[in-house]
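Visitor:
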Amino acid sequence: MIAQTLISHHIGEMALEPYELPDLLPPDGIRVEAAVTTISPGTEVANYLGTTTQRTPESTEAYVPGYSFAGTVLAVGSQHTRFAPGDRICGPLPHASHAVEARPERLARMTKIPDGVSFRDASFTQLGCIALNGVRRARIEMGQSVAIVGAGLVGLLAGRLARLDGAWPLVSLDLVPGRRALSARYGAHLALDPRDPDTRDRLEAVAPGGFQVVIEATGSPQAFLPSLALAHKGGRIVLLGSTRGAVTNFDPYADVHVRGLDLVAAHVSSTPTAGANEGPWTEAANRAFLLSLIEHGELDINPLVTHTIAPKEAPDAFAALADRSADHLGVVIDWAGQR
Numbered sequence: 010m011i012a013q014t015l016i017s018h019h020i021g022e023m024a025l026e027p028y029e030l031p032d033l034l035p036p037d038g039i040r041v042e043a044a045v046t047t048i049s050p051g052t053e054v055a056n057y058l059g060t061t062t063q064r065t066p067e068s069t070e071a072y073v074p075g076y077s078f079a080g081t082v083l084a085v086g087s088q089h090t091r092f093a094p095g096d097r098i099c100g101p102l103p104h105a106s107h108a109v110e111a112r113p114e115r116l117a118r119m120t121k122i123p124d125g126v127s128f129r130d131a132s133f134t135q136l137g138c139i140a141l142n143g144v145r146r147a148r149i150e151m152g153q154s155v156a157i158v159g160a161g162l163v164g165l166l167a168g169r170l171a172r173l174d175g176a177w178p179l180v181s182l183d184l185v186p187g188r189r190a191l192s193a194r195y196g197a198h199l200a201l202d203p204r205d206p207d208t209r210d211r212l213e214a215v216a217p218g219g220f221q222v223v224i225e226a227t228g229s230p231q232a233f234l235p236s237l238a239l240a241h242k243g244g245r246i247v248l249l250g251s252t253r254g255a256v257t258n259f260d261p262y263a264d265v266h267v268r269g270l271d272l273v274a275a276h277v278s279s280t281p282t283a284g285a286n287e288g289p290w291t292e293a294a295n296r297a298f299l300l301s302l303i304e305h306g307e308l309d310i311n312p313l314v315t316h317t318i319a320p321k322e323a324p325d326a327f328a329a330l331a332d333r334s335a336d337h338l339g340v341v342i343d344w345a346g347q348r
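If you're matching positions, the sequence shown starts at 10 in the numbering used here and goes up one per residue.
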């Protein structure tokens, strides 16, 4: 079977290319057909630009992006029992028209989509799992002040989930005006530009002495120290964004130790795994919860979607997402529309 996939052969380039799927399924495998996939404007764009530890400007290996899939099971292997042909599922599969998956650890992260949730909305649950893991690790109590640094998709989802968790007040900070406007519509009580001269006074007015919880969701090393400065004495800093690069002029004694701050690492890989005695909230459990929130109207995906595109438009979308001044943010690739 000939399918189509996105692939980056060189830094800063993306292409849509055909590739051949095996006709014979592994005994435990599944073959799926994509309805939609959603581009991650953080990790995927960073790999596209070669700014991660996995892909640098010197990298020569091709990069196949994507981990936010929603589609339909076409066939299952002879020993597969979890899914059946016709099931609507979502989870971490690449940007491709079709795929075969047989890895147990990857299949364990796939989840059936409830009838009341669209493919488009379900494709956002992988980014939602990233945000939800950070909010869970923040251990927010009702009435605690929370600042979200960065209003990309993960920051916006973290803000909405923090509101559901009792954050009050919730303040969003971002450099891009459109993202601040979106965060205000998505649940932030206040959305501010950290560069504005009156921002410090406005923050002090809503959270005297600093915020009890600060969630850093930019992934920028330049945002790390300002995020620490936002915290109240004894506050908690959640490192949700994947910081790419070294933090300079960091003094652990002055910046953290004497202020009694808690630094919490919240990369999605810290999510408990099934059977590991780390807690019940595995990625699959988090995804099922997010799907339930969407189904019951508690998590609205509509404001996050800025563009729905055909697969052939994806290379241009990656270039636009790399330019943070562009209006691209939530970009959904419609694979079903080309059939």
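Cβ coordinates follow ideal geometry from the N, Cα and C atoms, glycine included.
(1) Taking C-alpha atoms, which residue in Ala240, Ala293, Gly254, Val273 lies nearest to valine 267?
(2) Is the beta carbon of isoleucine 303 sitting closer than 8 Å to the one on leucine 270?
(3) Give the straight-line distance between the Cα atoms of proline 101 and glycine 346, rounded to the nearest whole angstrom.
(4) Is threonine 14 helix, strand or coil by DSSP?
(5) In the DSSP assignment, what are the bridge partners of phenylalanine 220?
(6) Expressed to the nearest angstrom, what Euclidean distance is found between the alpha-carbon atoms of proline 261 and leucine 237?
(7) Quick one: complete beta strand (DSSP E) runs, 3+ long, within the region 50–103?
(8) Do you know offhand how far serine 77's Cα is from leucine 313's?
(9) Residues bridged to threonine 46 by DSSP?
(10) What's the call for alanine 93, buried or exposed, on a 16-neighbour Cβ count within 10 Å?
(11) Which value, in whole angstroms, describes the spacing of the CA atoms of proline 217 and alanine 160?
(12) Under a three-way DSSP split, which group does arginine 253 fall into?
(13) I'd like the span of the beta strand (DSSP E) that includes glutamate 26, first residue to last.
(14) To the nearest whole angstrom, what separates the beta carbons of glutamine 63 and proline 320, a pair I think is in contact under 8 Å?
(15) How would you write the range of the alpha helix (DSSP H) that threonine 134 sits in, first residue to last?
(16) What's the C-alpha gap between valine 222 and glutamate 292?
(17) So is arginine 296 buried or exposed if we call it buried at 16+ other beta carbons inside 10 Å?
(18) For a test of the three-state rule: what should DSSP assign to histidine 210, helix, strand or coil?
(19) Who pairs with valine 273 in a beta bridge, going by DSSP?
(20) Which one of Gly137, Val215, Ala176, Thr315 has the shortest CA to CA distance from threonine 280?
(21) In the DSSP output, which residue or residues are listed as bridge partners for alanine 108?
(22) What are the start and end residues of the alpha helix (DSSP H) that includes valine 155?
(23) CA-CA distance, methionine 10 and alanine 79?
(24) In chain order, what residues of the same chain lie with their CB nearer than 6 Å to the CB of valine 73, ignoring the 5 residues before and after it?
(25) For glycine 38, which residues of its own chain have a beta-carbon under 7 Å away from its beta-carbon, when the five flanking residues on both sides are left out?
(26) On the DSSP bridge list, what partners appear for lysine 321?
(27) Please report the distance separating the alpha-carbon of proline 186 from that of arginine 204.
(28) Buried or exposed, going by whether 16 or more other CB atoms sit within 10 Å of the CB of threonine 69?
(29) Identify, in the order they occur along the chain, each residue of the same chain with its Cβ nearer than 8 Å to the Cβ of asparagine 56, setting aside the five sequence neighbours on each side.
(30) Just how far apart, CA to CA, sit leucine 162 and proline 235?
(31) Could you check whether the region 43–58 touches the region 315–329, counting it as contact only if at least three pairs of C-beta atoms, one from each stretch, sit closer than 8 Å?
(32) Among Pro206, Ser154, Asp174, whose alpha-carbon lies nearest the alpha-carbon of serine 181?
Guide: This is what the structure gives:
(1) Ala240
(2) no
(3) 21 Å
(4) strand
(5) Ala240
(6) 11 Å
(7) 78–85, 97–100
(8) 14 Å
(9) Phe78, Ile342
(10) exposed
(11) 23 Å
(12) coil
(13) 24–29
(14) Contact flag wrong, Cβ pair sits at about 24 Å.
(15) 134–147
(16) 23 Å
(17) buried
(18) Looking at the sequence itself, residue 210 is aspartate, so the reference to histidine does not match. Helix at aspartate 210.
(19) Val247
(20) Gly137
(21) Val41
(22) No alpha helix (DSSP H) holds valine 155; the beta strand (DSSP E) holding it covers 155–158.
(23) 20 Å
(24) Ile16, Pro103
(25) Gly86, His89, Val109, Glu110, Ala111
(26) Lysine 321 is not bridged to any residue.
(27) 12 Å
(28) exposed
(29) Ser17, Gln63, Arg64, Tyr72, Pro74
(30) 21 Å
(31) yes
(32) Ser154
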